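If you want this note's numbering, it's the position in the first sequence, counting the first as 1, plus 656.
Some notes on the structure that comes next.
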Amino acid sequence: MRFDELRNEQKSLGKLIPKATPEERAQLLAKAEQLKADVKAAEAEQNEADEAAKQLLLKLGNIVHEDVPVGGEEDFTVLETHGTIRDFGAEGFEPKDHLELGEALGAIDVERGAKVSGSRFYYLTGVGALLELALVNAAIAQATEAGFIPMLTPALVRPRAMEGTGFLGQAAENVYHLEKDDYYLVGTSEVPLAAYHMDEIIDVDKLPLRYAGFSPCFRREAGTYGKDTRGIFRVHQFDKVEMFSYVAPEDAEAEHKRLLEWEKQWLTSLELPFQVIDVATGDLGASASRKFDCEAWIPTQGKYRELTSASNCDGFQARRLQIRYREDKKTAPLSTLNGTLCAVPRTIVAILENHQQADGSVRVPPVLRPYLGGREVLEPIAK
RNA sequence: GGAGGCGUCGCCUAGUCCGGUCUAUGGCGCCGCACUGCUAAUGCGGUUUGGGGUUUACGCCCCAUCGAGGGUUCAAAUCCCUCCGCCUCCGCCA
């Protein structure tokens, strides 16, 4: 530590100067002048090295878990399937898609959404609005029951929070930025929940820390032209309940499984058929070492579509945000994990389509009924 | 949007005008010890945080740290600049 030594020398010298006789003083000052230059040079050298080390660290993507399937978006592994896909043919009617159902229920208005804000915007109206509130309440209730602390988070964040969570890398083009104020609109409350403890050191016996965030989410959806253009499956703004955990590194993998279990519990309570996939390497992004998605069956598409996603970020975000834990006087980056509990519009899509009945009404799964005034069925409204 | 005030080691606080004796004052709280049936009170000692080094260990040593970052200077809590946050007043407005 050359800088430390020089600095120490400079300090001791500084104490002598005020006490020195005039003759000594001139000599000391000359020496101090030289020291100043040395200290400055040593400091610059140290800063440079620190910065280089930091840049190298930031370039590191996460190390992918060894069990993750190698390949692109289509190369995922199906881990499990749950629930039963309905046979509408046997029931004697053709399923309607969520938009047709939603419009008949007076629940979704995409036309006026487009008029006011453009494509991929929508209004949730009447029972649609109530359905969102019911979903959010039920999701928060489940999370709270599981020990999560409910959180309402900022939707606008500073660059550091965005960068620290890994969203200014390859995902940057999907992020809204307010140039005039240099704010970013979050695409998920994962961002403010991760940054919540930035620059903090957390005692190991406070872990795990679990938060359930609810916030609007904004996504530019760049590069998705022509994809999911109908209805509210893919939109620029939506609300989401997100689970977020801070854990000790050795507990990260187990926590990842727990997050997945909570997501399965949620989708099961909504009585939706779904499968769990192990997302392939090419679709992981920089921050996750492994990602499990739960995909619900969408009848009119004839396939499973992503509803929730649970990621293990290990120390990736913690390193960038300087979030450490302390154990036996040692500090080290902890691990962060996140998992969707309820992304509202997609969940509404799945509920409308899977629980629709021949007359265009939609059965309300029991878990939501307490939050919908006991309502068991949503009925189409007269035009 | 305009004007002003403020930010000190858990909490409160001295220090900033006028740079060095600040190795940052004092109180509260907390921890340890002593003393007194217990409690309380009293006395003595300790108590910022982070990084690094060293030790079998208790510990010891070095650097940084007075909201953050730059600058001036031989030397910065103190002077200058930028930024962040909090408070007060005015204006505007859900």
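Heads up, the beta-carbon is just placed ideally off N, CA and C, and yes, glycines get one too.
As the structure is a prediction and not an experimental result, all values here were calculated from the model.
The C-alpha of Q711 is placed about 10 Å away from the C-alpha of R976. In the same chain as L780, and ignoring 5 residues on each side of it, the C-beta atoms closer than 7 Å to its own belong to A763, I764, E788, in chain order. For F804, the three-state secondary structure derived from DSSP is coil. Y840 has its alpha-carbon roughly 7 Å from the corresponding atom of P815. Counting along the chain, the unbroken alpha helix (DSSP H) around S773 starts and ends at 766-773. The closest CA to that of R776, considering only R875, G1016, K896, is found on R875. Residue environment analysis places E1009 among the buried positions, since at least 16 neighbouring C-beta atoms fall within 10 angstroms of its C-beta. Per DSSP, the continuous beta strand (DSSP E) segment holding S965 begins and ends at 959-968.
At least 7 Å separates the beta-carbon of Y902 from that of L849.
For F972 against N793, the beta-carbon gap comes to about 32 Å, at or over 8 Å, which does not count as contact. If you draw a straight line from the Cα of I933 to the Cα of T733, it comes to about 5 Å. Less than 7 Å divides the Cβ of T809 from the Cβ of S845.
Within the segment 798-850, the beta strand (DSSP E) runs of at least 3 residues that lie entirely inside it are, in chain order, 805-808, 832-834, 839-841. If you draw a straight line from the Cα of E1035 to the Cα of M807, it comes to about 33 Å.
At a Cβ-Cβ threshold of 7 Å, A999 and K920 do not count as neighbours.
When C-alpha distances from A746 are compared across V724, Q1013, T677, the shortest belongs to Q1013. Per DSSP, the beta bridge partners of M899 are A868, G995.
The beta carbon of R961 lies closer than 6 Å to those of E951, I954 in the same chain, with the five residues before and after it left out. DSSP links W953 through a beta bridge to Y960.
At the C-beta level, M899 and G822 stay beyond 7 Å of one another. In this structure, L863 and Y981 form a Cβ contact; the two beta carbons are roughly 6 Å apart against a cut-off of 8 Å.
Secondary structure of K920 (DSSP, three-state): helix.
Under the 10 Å beta carbon count, E689 is surrounded by fewer than 16 other beta carbons and is classified as exposed.
Collapsing the DSSP output to three states places A936 in coil.
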